[in-house]
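Below is one structure, written out as structure tokens; comments come after it.
Number of protein chains: 2
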Amino acid sequence: MLPNIPYTQYKRVVIVGAGFGGLALAREIAKREDLQVVLIDRNNYHQFQPLFYQVAMAGLEPSSISFPLRKIFQSKKNVHIRITEVRSVNTDRKSVSTDLGEITYDYLVIATGAVTNYFGMKEIEERAIPMKTVSEALALRNRILQNFEDALAVDTDEQRAGLMSVVVVGGGPTGVELSGTLAEMKHFILPKDYPEMDFKAMEIHLLEGSKELLGAMSDESSQRSREYLEKMGVHIHTEQVVTGFDGQFVTTKQGMRIRADNLVWAAGIKANPLNGLNPEVIVRGGRIKVDQYNRVQGYDNIFALGDVAAMQEGEWENGHPQLAQPAIQQGKALAKNVWRVMDGKKAVPFRYKDLGSMATVGRNRAVVDLPFIKFQGFMAWLTWMFVHLISIVGVKNRVLILINWVWNYATYDQSLRLILRPKTIEKIANKDEKNEEVHS
Amino acid sequence: MLPNIPYTQYKRVVIVGAGFGGLALAREIAKREDLQVVLIDRNNYHQFQPLFYQVAMAGLEPSSISFPLRKIFQSKKNVHIRITEVRSVNTDRKSVSTDLGEITYDYLVIATGAVTNYFGMKEIEERAIPMKTVSEALALRNRILQNFEDALAVDTDEQRAGLMSVVVVGGGPTGVELSGTLAEMKHFILPKDYPEMDFKAMEIHLLEGSKELLGAMSDESSQRSREYLEKMGVHIHTEQVVTGFDGQFVTTKQGMRIRADNLVWAAGIKANPLNGLNPEVIVRGGRIKVDQYNRVQGYDNIFALGDVAAMQEGEWENGHPQLAQPAIQQGKALAKNVWRVMDGKKAVPFRYKDLGSMATVGRNRAVVDLPFIKFQGFMAWLTWMFVHLISIVGVKNRVLILINWVWNYATYDQSLRLILRPKTIEKIANKDEKNEEVHS
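Respectively, the protein sequence lines represent chains A and B.
Under the numbering used here, residue 440 is the last one in the first sequence; the count climbs by one each step, no gaps.
Under the numbering used here, residue 1440 is the last one in the second sequence; the count climbs by one each step, no gaps.
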């Protein structure tokens, strides 16, 4: 295999990762045609993470919140996309080693984001359902629907309750949004599909280690989201740190024990840095220490941004929040700084502009903290929808999401309840492994 | 595991298979509430087979052409759906044995359809891509897209041409529609995504064993579909019977040898009958011989319909064509006959009403044979679209398909080009096998 990227007279910027940060950078920097951009990702699409939970809950299709990278850059002749895994960086040779071979760079930007953090608990890692990729969200959808089919056919009420019940760990936006939507499915959607079943047996628990939900938001938002969820029948347990899950019971450090076959883990992430950097630049949470120009300490031509980077700036002593906004802002700023340096100008230090945060709780309520105003309820929900709709890439995605939302709202229904068979898909799609399967 | 279906005072009709026939029967027969209906399928959704090729070609999402069974029967308290595999029928005990346990019946209807027929050629079965389920169609989409990513990174032009080229075997509607859409992707869509690649290397071959394409249709339609495809650059080889495929070369009995890594097999089906029936009722193509009331020879209370049934009627000496229409008509007729017998009336023999057939060839052309008129071209294409839109189950599916079609037509684009990672989905969704994977 060869990466087959042509050498040109222009400087080559290699960007590893097409999440919010890497994509924002690539779109901006590629505007100048006297730069060659190589964008590397393991998937051929950009994923809109804030709506993963709606894929998991059968409200949206994966394709509505994913956008093919090649489509985004169709008109950009100076952008080369390679779908592959990056193994490490070789700073001496100025190259990254990938499954397609070695790719050299003039500037390297690490935008590899973060992965689920189980804090070393193997038992949980083996059995919990993560929510960090659109494939994982689709898997959660399959799992929950299959559980209900299985629940129809078990011998005891206890087994049935275990299959139907879900424990969500982590009181951040993902945990809150997921448990809210689960509560709605319990009340409005699943009973229509499974009239034979008693839904009292289905329990939804949301566990959070700290004192409150949505700890990064205002007190009003924390308080209101809790009220909304409790009203919807979600059992909220704060100050509970999950320490074990044997597939049937979730246990906490504080002594709780909850019966559920399903544990969704949205309780932590850790940065996903590249191998090959000086270990001293890796700081707390696996993040890469960068200066205010996103430059990695000790390297002239290597940058990091977004979740994987830790920039000390203003009140953000250990780096910015690991969210879409800081990543996008850093990506755009870095592009402009590269241009400035190319033009012999002085680079400008990055300043994060907090645009606020929001979370939705169920069908028509949300909590919104903006810099100038905080509000909750129906108007917050409309705001949440509007902001997410305009943030998503692609006009068609926006149209499809809007139709789905209006449909789901009007009919109290989500119709994407297909349990697809990944085995079949895998067997055919991946011809390389097919022979192995046939022989095994 | 237990099937957990309640016993009632009413007769129980067990329907195996929720394809066109089984679904039509279930919807009709369930209208009478003095019957209990048990509908069994291995998937929790009904699949609209005529549009599989559009899923394979990234034009539609699987969910647009699949419809959750529980949603269809939400309001029907007398319908019990079980998602499981039926292993065999025990005619003495009047039961079918399933992965959920034994399910007894008063009437059994076998609507298990057909599966891909490789005519005993193991080499082809191992390497070819079938098109009989929505999962297989999705796998074909993944495979073709992944091939293009791989083609960017290979060492030689020959490897690249092999990865890009596709041989479609079978000149029926599926083969014609698939190769037409592939030709369009080659000309209009893929070059925009892969500007680095030379698309002359991509060859599309359509192989058919008989003398003409669309053999079941009129001569005009056969002729026109051939002209359309040739104009689009598809290499058509009739009177070529494929006998081998080593993963790089497709060979035929007549001595052709074509370089392509991808072989799509749409060249034959065989019926998929249940084990446990008297072997004498199994006739040509594995179909079950039924009388004109769809009753299986020698059994009072067992019926078969659709692709799996062979009814001698009128000109159809070896059974009706294995298409949606005969299955749907038989399903509706059988429901009414069951009612008649319940009411002490005489059953009415089935008469097939041929409503015609059609196939689409690319972006805006189709061939249509109706009983009273045959036409081809743009009007035929509009007719094809209209008929397929109204045939699909679910208002939302219709809306989404229409939007996708208008979008794709207007933009010359298909935006569903995601390569999803089935391994991740499988690992999480299927908790039972997870431990095995972790240990292996």
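In this text, a Cβ means the ideal position worked out from N, Cα and C, and glycines have one as well.
Who does residue i pair with in a DSSP beta bridge?
{"i": "residue 287 (chain A)", "result": "BP columns for residue 287 (chain A) are empty, so no partner."}
{"i": "residue 311 (chain A)", "result": "A:290"}
{"i": "residue 265 (chain A)", "result": "A:169"}
{"i": "residue 45 (chain A)", "result": "A:68"}
{"i": "residue 369 (chain A)", "result": "A:357, A:374"}
{"i": "residue 205 (chain A)", "result": "A:167, A:235"}
{"i": "residue 1101 (chain B)", "result": "B:1098"}
{"i": "residue 1116 (chain B)", "result": "B:1269"}
{"i": "residue 1059 (chain B)", "result": "Answer is none; residue 1059 (chain B) lacks a bridge partner."}
{"i": "residue 304 (chain A)", "result": "A:110"}
{"i": "residue 36 (chain A)", "result": "A:12"}
{"i": "residue 252 (chain A)", "result": "A:242"}
{"i": "residue 93 (chain A)", "result": "According to DSSP, residue 93 (chain A) bridges with nothing at all."}
What's the gap between the Cα of residue i and the Cα of residue j?
{"i": "residue 232 (chain A)", "j": "residue 1056 (chain B)", "result": "40 Å"}
{"i": "residue 1225 (chain B)", "j": "residue 1066 (chain B)", "result": "28 Å"}
{"i": "residue 1092 (chain B)", "j": "residue 1034 (chain B)", "result": "25 Å"}
{"i": "residue 1302 (chain B)", "j": "residue 140 (chain A)", "result": "39 Å"}
{"i": "residue 1110 (chain B)", "j": "residue 26 (chain A)", "result": "56 Å"}
{"i": "residue 1355 (chain B)", "j": "residue 1331 (chain B)", "result": "16 Å"}
{"i": "residue 374 (chain A)", "j": "residue 412 (chain A)", "result": "28 Å"}
{"i": "residue 1030 (chain B)", "j": "residue 193 (chain A)", "result": "16 Å"}
{"i": "residue 1184 (chain B)", "j": "residue 1282 (chain B)", "result": "42 Å"}
{"i": "residue 1436 (chain B)", "j": "residue 246 (chain A)", "result": "At residue 1436 (chain B) the pLDDT is 32, less than 50, meaning the model places this residue with poor confidence; the figure from the coordinates comes in the next sentence. Near 15 Å, if we compare the C-alpha coordinates of residue 246 (chain A) and residue 1436 (chain B)."}
{"i": "residue 367 (chain A)", "j": "residue 200 (chain A)", "result": "28 Å"}
{"i": "residue 457 (chain A)", "j": "residue 156 (chain A)", "result": "Missing from the structure shown is residue 457 (chain A); chain A here goes from 1 to 440 and no further."}
{"i": "residue 326 (chain A)", "j": "residue 350 (chain A)", "result": "10 Å"}
{"i": "residue 264 (chain A)", "j": "residue 1075 (chain B)", "result": "32 Å"}
{"i": "residue 1346 (chain B)", "j": "residue 1017 (chain B)", "result": "27 Å"}
{"i": "residue 1314 (chain B)", "j": "residue 1145 (chain B)", "result": "46 Å"}
{"i": "residue 1137 (chain B)", "j": "residue 1131 (chain B)", "result": "6 Å"}
{"i": "residue 241 (chain A)", "j": "residue 206 (chain A)", "result": "11 Å"}
{"i": "residue 1182 (chain B)", "j": "residue 1376 (chain B)", "result": "20 Å"}
{"i": "residue 191 (chain A)", "j": "residue 197 (chain A)", "result": "7 Å"}
{"i": "residue 1335 (chain B)", "j": "residue 1216 (chain B)", "result": "29 Å"}
{"i": "residue 1305 (chain B)", "j": "residue 1115 (chain B)", "result": "15 Å"}
List the residues of chain B that residue i touches, going by C-beta distances under 7 Å, in chain order.
{"i": "residue 153 (chain A)", "result": "1001, 1002, 1003, 1004, 1100"}
{"i": "residue 407 (chain A)", "result": "1396"}
Please list the partners that residue i has in chain A, where partner means a Cβ-to-Cβ separation under 8 Å.
{"i": "residue 1193 (chain B)", "result": "68, 70, 71, 74"}
{"i": "residue 1145 (chain B)", "result": "44"}
{"i": "residue 1417 (chain B)", "result": "44, 45, 68, 70, 71"}
{"i": "residue 1200 (chain B)", "result": "Within chain A, no residue comes near residue 1200 (chain B); the closest Cβ sits about 17 Å away, beyond 8 Å."}
{"i": "residue 1097 (chain B)", "result": "Going along chain A, no residue has its Cβ under 8 Å from residue 1097 (chain B), so there is no contact; the nearest lies around 14 Å."}
What does a CB cutoff of less than 6 Å around residue i pick up in its chain, not counting 5 residues either side in sequence?
{"i": "residue 1085 (chain B)", "result": "1042, 1099"}
{"i": "residue 1370 (chain B)", "result": "1356"}
{"i": "residue 1124 (chain B)", "result": "1118, 1245"}
{"i": "residue 1209 (chain B)", "result": "1241"}
{"i": "residue 1293 (chain B)", "result": "1337, 1347"}
Closer than 7 Å to a non-hydrogen atom of the ligand NAP - does that hold for the CB of residue i?
{"i": "residue 344 (chain A)", "result": "Summarising the ligand content, the structure contains no ligands, and the ligand NAP is consequently not present."}
Tell me which residues share the same chain as residue i and place their Cβ nearer than 8 Å to its Cβ, disregarding the 5 neighbours each side in the sequence.
{"i": "residue 1372 (chain B)", "result": "none"}
{"i": "residue 338 (chain A)", "result": "13, 29, 35, 107"}
{"i": "residue 1223 (chain B)", "result": "1212"}
Could you name the residues of chain A that residue i contacts, counting a contact when the two beta carbons are closer than 7 Å?
{"i": "residue 1463 (chain B)", "result": "No answer is possible for residue 1463 (chain B): it lies beyond the span of chain B, which begins at 1001 and ends at 1440."}
{"i": "residue 967 (chain B)", "result": "The structure shown does not extend to residue 967 (chain B), since chain B spans only 1001 to 1440, so no value can be given for it."}
Take residue i and list the residues in its own chain whose beta-carbon comes closer than 7 Å to its own, dropping the five residues that flank it on each side.
{"i": "residue 1405 (chain B)", "result": "1385"}
{"i": "residue 1005 (chain B)", "result": "1038, 1080, 1103"}
{"i": "residue 60 (chain A)", "result": "51, 54, 401, 404"}
{"i": "residue 1008 (chain B)", "result": "1036"}
{"i": "residue 1389 (chain B)", "result": "1398, 1401, 1402"}
Using a Cβ cut-off of 9 Å, pull out every chain B residue sitting near residue i, in sequence order please.
{"i": "residue 399 (chain A)", "result": "1403, 1407"}
{"i": "residue 62 (chain A)", "result": "1061, 1418, 1420"}
Using a cut-off of 8 Å between C-beta atoms, extract the partners of residue i located in chain B.
{"i": "residue 77 (chain A)", "result": "1195"}
Count the C-beta pairs between the segment 1171–1183 of chain B and the segment 1349–1365 of chain B that are closer than 8 Å, then say yes if the count reaches three, no if not.
-> yes
Residues within the segment 1358–1386 of chain B neighbouring chain E, beta-carbon criterion of under 7 Å | Structure shown: chain E not included; protein chains present are A and B.
Inspect the CB distances between the segment 250–259 of chain A and the segment 282–300 of chain A and report whether three or more fall short of 8 Å.
-> no
Tell me, please, whether the segment 1301–1320 of chain B touches the segment 1101–1109 of chain B by the rule of three or more beta-carbon pairs shorter than 8 Å.
-> Touching, yes.
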